[in-house]
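Asker:
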Amino acid sequence: MSGALVAALYVYPTGRSRTAVQVLGTLALLAVFAVLVVVRTGDLLSTFTLR
Numbered sequence: 092m093s094g095a096l097v098a099a100l101y102v103y104p105t106g107r108s109r110t111a112v113q114v115l116g117t118l119a120l121l122a123v124f125a126v127l128v129v130v131r132t133g134d135l136l137s138t139f140t141l142r
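The sequence shown begins at 92 in this note's numbering and counts up by one.
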């Protein structure tokens with residue numbers, strides 16, 4: 092779902108706003124990836140501490 096949104100943001104804007112949208116999209120992807128990594132690490136740590 093979010094991937095389609097990011098793809099639309101990359102395709103539709105033109106001119107100067109396009110680069111700004113690309114930067115924002117890249118930052119959003121990095122933020123989502125960072126959150127996923129933190130959640131995964133938290134899950135691993137919780138499983139280790141429970142055992």
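We treat Cβ as the ideally placed atom computed from N, Cα and C, and that holds for glycine. Just so it is clear, the structure is predicted and the values come from calculations on it, not from any experiment.
1. Measuring only the C-alpha atoms, how far is L127 from A98?
2. Give me the residue from T110, A111 and F124 with the minimum Cα distance to S93.
3. In angstroms with no decimal places, state the Cα-to-Cα distance between G133 and F139.
Answerer: Reading it off the structure:
1. In a straight line, the C-alpha of L127 is about 20 Å away from that of A98.
2. Ranking the options by Cα distance to S93, first place goes to F124.
3. In this model, G133 and F139 are separated by some 10 Å (Cα to Cα).
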